[in-house]
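Notes follow the structure.
Residue numbers (our numbering): 40 to 139.
Written as structure tokens, this is what we have:
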């Protein structure tokens, strides 16, 4: 017999609840069997600090709501460290956002 693709036609194929259940099971099984992969960006993983633990800080600029130009952090006299400025390696996020 010839099947019609019109939704109102009585000869159009209909999905039964068994077909819907089978499709759902196959879809879930396919998703469960697909391998998953992820990636890690160094320097962006969360870290829980303990009380008294040393916290290294990286600074580069100060911004203001009064001016569009940021100030270099160490250009201000009260921000200079006693031992001098120490350079530190950048992570990928700092490099991509231009925080150098």
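Just so you know, even glycine gets a beta-carbon here, dropped at the ideal spot from N, CA and C.
* From 99, 78 and 103, residue whose alpha carbon lies closest to that of residue 134 -> It is 99.
* What's the C-alpha gap between residue 68 and residue 112? -> Distance between the alpha carbons of residue 68 and residue 112 is about 55 Å.
* To do: Can you give me the start and stop residues for the alpha helix (DSSP H) that residue 132 sits inside?
  => Its alpha helix (DSSP H) spans residues 131 to 136.
* Thinking residue 101 and residue 110 are a contact (beta carbons under 8 Å), I'd like their distance in whole angstroms, please. => About 5 Å separates the Cβ atoms of residue 101 and residue 110, confirming a contact at the 8 Å cut-off.
* **Length of the line joining the Cα atoms of residue 61 and residue 75** => If you draw a straight line from the Cα of residue 61 to the Cα of residue 75, it is about 24 Å long.
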